[in-house]
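Engineer: With this note's numbering, you'll find the sequence shown wraps up at 1219, consecutive numbering, no jumps.
We put the CB at the ideal spot given by N, CA and C, even for glycine.
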Amino acid sequence: MFNIGGRTGNVSWQTVGTAPNREIVFQWKDFRPAYSTSATSAYTFNFQIRLQETTGKVMTVYSDGSFAIGSTAQSGTRQIGLRGATNTDFNNRLNATSLAFISSTAGTANSSTQAFNTGTTPPGMPTLGLTYSWMPQACFAPSSISAANFTPSSAQISWLAPSPVPTNGYVVYYSTVNTAPTSATVLDASNSVSGAASPVTVGGLSPSTTYYIWMKSNCSATESSVWVSGGSFKTLCPPVAAPFAESFSSGVLPTCWTSVNPTTVSTNANVFWKFTGVADYGASAANNPRPSGTFAWVDASTPNLGEHTVQLLSPLINLTGLAAPYIQFDWFKNHSSSTSTTPVASPYDNNKLTVEVNNGTGWVTVFTGTSNVPAWRTEGIALPLSYVGSTIQLRFTVDKDVAGNGYFYDDVLLDEVQVMEAPACVMPSSLNFNTVTSTGAQVTWVAPPSAPSGGYDVYVSTTNVAPTSTSTPTFSGVMGNSQTVTGVSGTTYYVWVRSNCGSSQSMWSGPVTFTVSYVAPANDNCAGAVSLTVNPDFLCTAFTAGTTYGATASTETAPSCAVAGTNDDVWFKFTATNALHRVALNNVSASTDVAMAAYSGVCGSLVQVACSDPNIMDLTGLTPGTQYLVRVWTVSATAATGATFEICLGTPPPPPANDDCVNAISLVPSSTGTCTTPVSGSTASASASTGTAPTCSATGINDDVWYSFTATSTTHLVNVTYSDNATATQVYSGTCGSLTALACNSTAYGNSNVLLSTLTVGQTYYVRVYSAVATAATTSNFQICITTPVIPTNDTCATAIAIAPNGTVSGNNALATADTLPASTCGSASPTATYNGVWYTVTSQVSGPVTISACGTQFDAYLRVYTGDCTTLTCVANTSGVGYADAGCPGNNNAPTLTFNATAGTTYYVYLSSYAVTDMGSFTITTSGTLGTSNVIAETEKVSVYPNPFTDMVNISNVKDLKSVSVVDMSGRLVKTIANPGRQINLSELKAGLYILKLDYKDGTVKTVKAIKK
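#1: Please state the DSSP three-state secondary structure of D1157.
#2: Return the CA-CA distance between S794 and M822, expressed in angstroms with no decimal places.
#3: Are C1094 and T1102 closer than 8 Å when you measure CB to CB?
#4: Can you give me the start and stop residues for the beta strand (DSSP E) that W911 sits inside?
#5: Tell me the rounded alpha-carbon separation between G886 and F987.
#6: Could you pull the start and end residues of the beta strand (DSSP E) that T679 belongs to?
#7: With DSSP run on the structure shown, which of helix, strand or coil describes D773?
#8: Check whether the region 486 to 505 and the region 519 to 527 are in contact - that is, three or more C-beta pairs closer than 8 Å.
#9: Exposed or buried, L1068, counting other C-beta atoms within 10 Å across all chains shown (16 or more means buried)?
#10: Which residue spans inside the region 284 to 328 form an unbroken beta strand (DSSP E) run of at least 3?
#11: Buried or exposed: where does R283 fall if 16 or more other Cβ atoms within 10 Å of its Cβ makes it buried?
#12: Can you list, in chain order, the residues of its chain whose CB lies under 8 Å from that of V1180, leaving out five sequence neighbours each side?
#13: Am I right that Y267 and F250 are in contact with their C-beta atoms under 8 Å? What's the rounded C-beta distance?
#14: Hey, could you find the ends of the beta strand (DSSP E) A1066 is sitting in?
#15: Under 8 Å, do N783 and P829 count as touching if we go by C-beta distance?
#16: Quick check on C853: does DSSP put it in helix, strand or coil?
#17: Which of the three DSSP states is assigned to N686 in this structure?
#18: Span of the beta strand (DSSP E) holding T919?
#19: Can you name the start and end residues of the beta strand (DSSP E) that E761 belongs to?
#20: Using 8 Å as the threshold, is the C-beta distance between S635 and G574 below it?
#21: A848 by DSSP, collapsed to three states: which one?
#22: Should T1210 go down as buried or exposed, given a rule of 16 or more other Cβ atoms within 10 Å for buried?
#23: If you draw a straight line from the C-alpha of T1030 to the C-alpha of D1074, how long is it?
#24: Round the Cβ separation of N1097 and G905 to the nearest angstrom and send it over; I've been treating them as touching at under 8 Å.
#25: Who are the near neighbours of P654 in its chain, counting only those whose CB is closer than 7 Å to its CB and skipping five residues on each side?
#26: The beta strand (DSSP E) spanning R787 covers which residue range?
#27: Let me know the secondary structure DSSP gives E1144 once reduced to three states.
#28: If distances are taken between C-alpha atoms only, which option among N208, Y927 and Y248 comes closest to T272?
#29: Looking at the structure shown, is A450 part of a helix, part of a strand, or coil, going by DSSP?
#30: Would you mind listing the alpha helix (DSSP H) stretches within the region 488 to 555 that are 4+ residues and don't spill past its ends, in chain order?
#31: D1208: buried (16+ other C-beta within 10 angstroms of its C-beta) or exposed?
#32: At what residues does the beta strand (DSSP E) containing R600 begin and finish?
#33: Let me know if Y240 comes out buried or exposed under the rule of 16 or more other beta-carbons within 10 Å of its beta-carbon.
#34: On the premise that N1041 lies in contact with M1125, defined as a C-beta separation below 8 Å, what is that separation, rounded to the nearest angstrom?
#35: Alpha carbon to alpha carbon, how far is V799 from G567?
#36: By Cβ distance below 7 Å, which residues in the same chain neighbour T1039 in space, the five residues on each side in sequence not counted?
Here it is in structure tokens:
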């Protein structure tokens, strides 16, 4: 309020008193209680907020108020109080209009308010001296209390510590009665346990009993927090003896089973397992013959988002007496949005069933399933012999939200759980199929621990009628873990698989079902075009998934490019927000040759705006507010050829701040040869600068950006590494408007670094970065930094640095010199492959494949490996990828990697050099397979692979702690690396021949096995 009735509102603050008893006082004077612009009626009052220094006490102190002018009453509500770190932590006041303002009570919700009226009481206004006081809590209770790791007699209690952490630790109180403890509760060893930090174990409990827990903090001998509830838990039953069976026929949770969801606070039945009720949609009675109340199930209905752990835990099961423990269960999953026998595709992801077993050492996954079949399936899993005699627990988990869009249609059912003696012939498990094509699908399964001697029998049918033991298989003697099943489009197939152990066969596993057909996309025609989201830049944060599978030809205006492929076009639309937009197709699968065209107008009367066979199409001259259409198709006259892709619509971002020299971004040189704080940059939306032209790729300056740095050394390396389109880098001396070109580089392979060696310390230099091509639509994203390289200590063979076993080294070769290559030919003999060279050594303690990888190198590099000594070096093998390499790594740096067969005890010399004099910068070299002496251990457990010879799939007998598998051919060339492999690996792409499988375990152990591909 300003100068109304002689009053003007103001806010002020000051500190009063002396330490340590000072107060900060914030004062509002002539404050209107309600917003108003009236100058003819104004009620004002004063109040202070006071914060005490030592006690932390907060007070709100009021004066009485009066009208400065006029007498028109105002009324309303205001929130008065304190808020903590979250909106659930509050201390506020509450009064209704029928209660006087001065008679308010403590608020009951974070939205509680006080009513006021400047003319009438109640509620009235504050009176002189009305004070609200709040004293901070001194001892805080723990939070997020939970119980886990249950046994029949104990449980582990965990929590989050408050801040500050209580000096005297915590107390956990437990009881079979849901009555909270008080200050009068006597604590002893029968009802409580103390601990200094989370977690603590509560022992001496009764089996199969529900306990309630509370906790408090002990901040001193006399001060404690309030008791807070930690909920309840139930101890496990005593172990039951195997063989064990549960048929879920009681309609309720079976005794000693536990249904939990540790990641939710919801009490909705749909976040837990159910034992009665009607499963729906694909699991309706039309497909599921078992009546309600005779199986356990998880309802896919909401709530669902974020529900990943709907868990059902069995009792403890003692396996003593089972020579070969075996888990068997029935499950049903048929994802469909229809209740009929004809599945109707759902737009949501499949729920997932996971089965785990725990023998006291942690949970181990033995089965996962996401496939859909309108039939009950029996799964059997043989446990490793290490489980014999142990006590186990089973856990069945349904993930209702695998990829963030779980919904109604995918109920998961479970029945007939058994733990028993393994049959003589164990069935395969986890029957599934790979992506369906227009001609069929590849059916896959997981082998039992011992592969059946006669391979597998596969039974294929167009009806959902399970085969019997006497049914004739469609395929017999299948030795791998997969079988391709061909079929006719539009036909649904059911597939079962069994093990053939020679003298006997297992039960049939399955079925798995698939339909060989494609449904036309909803945007198959112009009228069904899908709307695209307009991105504010070219980063494609928002994109739309698309597919041409099942699409047909449209009758719209033919495109001017790749017209023969429009037999499978699909349509999108957008409303322009800018005169220029970019359409990009990313993550194109199957057919990488995809084309697109943009149109104006309406369906049936379209006019082409642009056409592009490449996957980026820049549209110019658009009219904002106008709708345009985009047509996408695969460039193939074959109707069956299709692709999936992601399409996005981008908008040029604003020009970068450093579009001109005068706005150059200042860079601080690193004191070493390492980029410690690289700066990200982009030429998107940049324009051409005037002034001194660059000396390389000058036609590309239509999108230049600028940086500057002050030299701290006479030698610096300007590092520019790009992630998409090639850059050019020009360095100048002088000042903006009067620059002198010093050095320029626009080489390919990931960078355009520039080495400067005659700088003046303290002088400012300018760096101009631009895309190396003249095409206006081509821009570059990059990182830039200034380093200070030094001459490497390993610049010569005699000063080679040893790389530790399975080690990594890094450096910068900008000031390394070019060496004369040894006489032994090792790849290119041209000097262009010997610039800026550095030397290392590798010593192998065991014989076998060794990989030298320079994939962390940021320039076009050349790698060579020699034996001998620095006076007489011999190339390991003058074979690309073995003794030398000039490429092989992913990315655009053309970095090299190679693999050779090492001999135990031999030292190898590794020479890394640039391919050209301008190629330089940071590099990283990693070795694998070079075991040190401390890593060589006796193979106490022999590892085998089977079947051997193999066709496509190979099983590994021991995958515990297996980190990776490397496949090396007999020339020593690394063919394939599989990270974190499972028990079964797919080597179908290999050619026939002999291979070495190198198995790297997490403890450093390396084991090699020979395998023959048929």
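Structural biologist: So, to answer that:
#1: coil
#2: 19 Å
#3: yes
#4: V910 to T915
#5: 5 Å
#6: Run containing T679: none; DSSP gives neither H nor E here.
#7: helix
#8: no
#9: buried
#10: 286 to 288, 295 to 299 and 319 to 322
#11: exposed
#12: V1172, V1173, D1174, L1195 and Y1200
#13: 7 Å
#14: A1066 to D1074
#15: yes
#16: strand
#17: coil
#18: First-last for T919: undefined, no H or E at that position.
#19: Unbroken run through E761: none, as it is neither H nor E.
#20: yes
#21: coil
#22: buried
#23: 15 Å
#24: About 17 Å separates the two Cβ atoms, so there is no contact after all.
#25: A587 and P589
#26: H786 to N791
#27: Residue confidence for E1144 is low, a pLDDT of 39 falling below 50, so the modelled location carries little weight; the figure read from the coordinates is stated next. E1144: coil per DSSP, three-state reduction.
#28: Note that residue 272 is Phe in the sequence shown, not Thr. Considering only alpha carbons, the answer is Y248.
#29: strand
#30: none
#31: exposed
#32: T596 to D604
#33: exposed
#34: 5 Å
#35: 48 Å
#36: A1023, D1024, L1026 and S1118
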